[in-house]
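K.L.:
Below you will find the structure I want to go over with you.
In the working numbering, the protein residues as written are 710 to 773.
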C-alpha cells in the first residue's frame with residue numbers, strides 16, 4: 710500500500726505562502742500575490758477552504 714504525503718492544512722498553506730511573500734522582492738509579482746493572499750484571508754474567515762486554497766495557489770503562482 711502506498712503512503713501519500715499528508716495534504717497541508719489551509720492554515721499551514723497560509724503560513725507557507727506568507728513566508729514566500731515576505732521573502733519576495735518588491736514588484737508587480739509581489740503586488741499580485743498580495744491581492745490573492747488577501748482574498749485567501751477573506752475566504753478563510755468565511756470558512757470557505759476551497760476558495761482559500763485556490764487563492765493561495767494563485768498567490769504562489771504569482772510569486773513564481
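We put the beta carbon where it would ideally sit given N, CA and C, even for glycine.
Can you tell me whether residue 744 is buried or exposed? The criterion is at least 16 other CB atoms within 10 Å of its CB, across all chains shown.
P.N.:
exposed
K.L.:
Starting from residue 769, follow the alpha helix (DSSP H) in both directions and report where the run begins and ends.
P.N.:
758–772
K.L.:
Of the residues 756, 765 and 773, which one's Cα is nearest the Cα of residue 721?
P.N.:
765
K.L.:
State the CB to CB distance for the pair residue 769 and residue 729, rounded to an integer number of angstroms; the pair is presumed to be in contact (CB under 8 angstroms).
P.N.:
7 angstroms
K.L.:
Is DSSP giving residue 755 helix, strand or coil here?
P.N.:
coil
K.L.:
Among the candidates 726, 719 and 773, whose CA atom is the shortest distance from the CA of residue 746?
P.N.:
726
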